[in-house]
Amino acid sequence: MSIAVAPRHLRTLFLSDIHLGTRGSQVDLLLDFLKWHDAETIFLVGDIVDGWRLKKSWYWPQSHNDVVQKLLRKGRKGARLVYLPGNHDEFLRDYLGTQLGGVELVDSIVHETADGKRLLVIHGDQFDVVVRHAKWLAFLGDGAYTLALGLNTVLNKIRRRLGFDYWSLSAWAKLKVKNAVNFIGTFENALVTEAKRVGADGVVCGHIHHAALHDDFGIRYINTGDWVESCTAIAEHHDGRLEILRWSAIAKDEAFVVDPDTKVDQVAA
Ligand SMILES: [Mn+2]
Numbered sequence: 001m002s003i004a005v006a007p008r009h010l011r012t013l014f015l016s017d018i019h020l021g022t023r024g025s026q027v028d029l030l031l032d033f034l035k036w037h038d039a040e041t042i043f044l045v046g047d048i049v050d051g052w053r054l055k056k057s058w059y060w061p062q063s064h065n066d067v068v069q070k071l072l073r074k075g076r077k078g079a080r081l082v083y084l085p086g087n088h089d090e091f092l093r094d095y096l097g098t099q100l101g102g103v104e105l106v107d108s109i110v111h112e113t114a115d116g117k118r119l120l121v122i123h124g125d126q127f128d129v130v131v132r133h134a135k136w137l138a139f140l141g142d143g144a145y146t147l148a149l150g151l152n153t154v155l156n157k158i159r160r161r162l163g164f165d166y167w168s169l170s171a172w173a174k175l176k177v178k179n180a181v182n183f184i185g186t187f188e189n190a191l192v193t194e195a196k197r198v199g200a201d202g203v204v205c206g207h208i209h210h211a212a213l214h215d216d217f218g219i220r221y222i223n224t225g226d227w228v229e230s231c232t233a234i235a236e237h238h239d240g241r242l243e244i245l246r247w248s249a250i251a252k253d254e255a256f257v258v259d260p261d262t263k264v265d266q267v268a269a
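Residue numbers (UniProt numbering): 1 to 269.
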């Protein structure tokens, strides 16, 4: 006999790269995932809404609205919502430091886990210039690295003011870098370097649509993945343990034993 279970309750949930407003966004799976997961704090780690794509052609079905509503409802029910805009939703960067509908908007933040680890949370596009010129910067040293970081911010601002299209790191990587593993490694290294620079024990980011959780660069590197292809999120359990969650029909069956007579909404209420 199967037993109905309530949604998983997590200490923290990290989601990124949902790309609402695009046809590729896996909103149905995400809505299902959100139904089965609650958290004290939810970090939206950028590229949640694809402002660039929406500007070109408006695509906003009801299900995309439902995702926004579901997240806001979690906020009303007590979850802390923190939104760290990325390059695709950089229009929200005009509101950094403020609250929109109870959602905190910040460029980056340090999150402390239940077991006392300090994690830098940031989307990751802030390091595009660093990733592009990684070889030169390694050669030129610390000052150049800081300069490249500053340059990235300035270039982004200018590009936005002039209404240029977004510059895509992943498209560039596909074009320029023959070995995708190299590119991912360079990105991971840049983010870990920044985390070390601010004295954190690790970093949580998104941007490259590649979920990961490892200590290959000496401290913890965590990438939330995306909801376009892989449908992944990062969970922090109540003891501080971090885990990649992959959501699919199969993953759900493995995670929960559900009484078929019990409606999900009754369970979730
Ligand atoms: Mn991005």
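Using N, Cα and C, we set each Cβ at its ideal position, and we do this for glycine too.
Using CA coordinates, which residue listed in the options is at the minimum distance from residue i?
i: Asp-215; options: Thr-193, Arg-93, Ser-63; result: Thr-193
i: Lys-56; options: His-88, Leu-84, Ile-234; result: His-88
i: Val-130; options: Gly-150, Gly-199, Leu-84; result: Gly-150
i: Val-82; options: Thr-98, Glu-104, Val-27; result: Glu-104
i: Thr-232; options: His-9, Ile-122, Leu-34; result: Leu-34
i: Leu-84; options: Leu-20, His-238, Gly-116, Val-121; result: Val-121
i: Asn-65; options: Gly-75, Arg-53, Val-49; result: Val-49
i: Asn-189; options: Arg-160, Asp-128, Val-154; result: Asp-128
i: Leu-29; options: His-237, Val-67, His-210, Arg-132; result: Val-67
i: Ala-6; options: Ser-16, Thr-12, Asp-38; result: Asp-38
i: Thr-186; options: Leu-72, Val-198, Leu-137; result: Leu-137
i: Leu-242; options: Tyr-221, Val-45, Gly-102; result: Tyr-221
i: Phe-43; options: Arg-53, Gly-218, Thr-224, Asn-156; result: Thr-224
i: Ile-244; options: Asp-226, Lys-70, Phe-217, Ala-211; result: Ala-211
i: Asp-115; options: Trp-247, Leu-72, Arg-246, Asp-239; result: Asp-239
i: Gly-21; options: Glu-40, Trp-60, Arg-8, Thr-12; result: Trp-60
i: Ser-230; options: Arg-246, Gly-218, Ile-219, Phe-217; result: Arg-246
i: Gly-124; options: Arg-11, Asp-17, His-9; result: Asp-17
i: Leu-100; options: Thr-113, His-111, Arg-80; result: Arg-80
CB of residue i to nearest heavy atom of ligand 1: below 7 Å?
i: Asp-47; result: yes
i: His-237; result: no
i: Asn-87; result: yes
i: His-9; result: no
i: His-207; result: yes
i: His-64; result: no
i: Asp-125; result: yes
Name the one or two DSSP bridge partners that residue i has.
i: Asp-38; result: His-9
i: Gly-202; result: Leu-119, Arg-220
i: His-238; result: DSSP, once it has assigned bridges, lists no residue as partnering His-238.
i: Arg-246; result: Thr-232
i: Arg-214; result: According to the sequence displayed, residue 214 carries His and not Arg. DSSP, once it has assigned bridges, lists Tyr-221 as partnering His-214.
With 16 other CB atoms within 10 Å as the buried threshold, where does residue i fall?
i: Arg-23; result: exposed
i: Asn-182; result: exposed
i: His-19; result: buried
i: Ser-63; result: exposed
i: Glu-236; result: buried
i: Ala-134; result: buried
i: Val-204; result: buried
i: Glu-90; result: buried
i: Trp-52; result: buried
i: Ala-195; result: buried
i: Leu-162; result: exposed
i: Gln-26; result: buried
i: Gln-126; result: buried
i: Gly-206; result: buried
i: Met-1; result: Bear in mind that a pLDDT of 47 at Met-1, under 50, signals an unreliable position, so the number given afterwards is only what the model happens to contain. Met-1 is exposed by the Cβ-count criterion.
Could you check whether the Cβ of residue i sits closer than 8 Å to any Cβ belonging to chain C?
i: Trp-247; result: Protein chain content of the structure displayed is limited to a single chain, and chain C is not contained in it.
With a floor of 3 residues, list each beta strand (DSSP E) that falls wholly inside the region 1 to 27, ordered by position along the chain.
The region 1 to 27 contains these whole beta strand (DSSP E) runs: 8 to 15.
At 3 residues or longer, and completely inside the region 102 to 134: list those beta strand (DSSP E) runs for me, N to C.
For the region 102 to 134, whole beta strand (DSSP E) runs of length 3 or above, ordered along the chain, are 103 to 105, 108 to 112, 118 to 122.
Please list the segments of the alpha helix (DSSP H) lying wholly inside the region 44 to 100, counting only runs of 4 or more residues, in order along the chain.
DSSP runs (the alpha helix (DSSP H)) wholly in the region 44 to 100: 51 to 56, 62 to 76.
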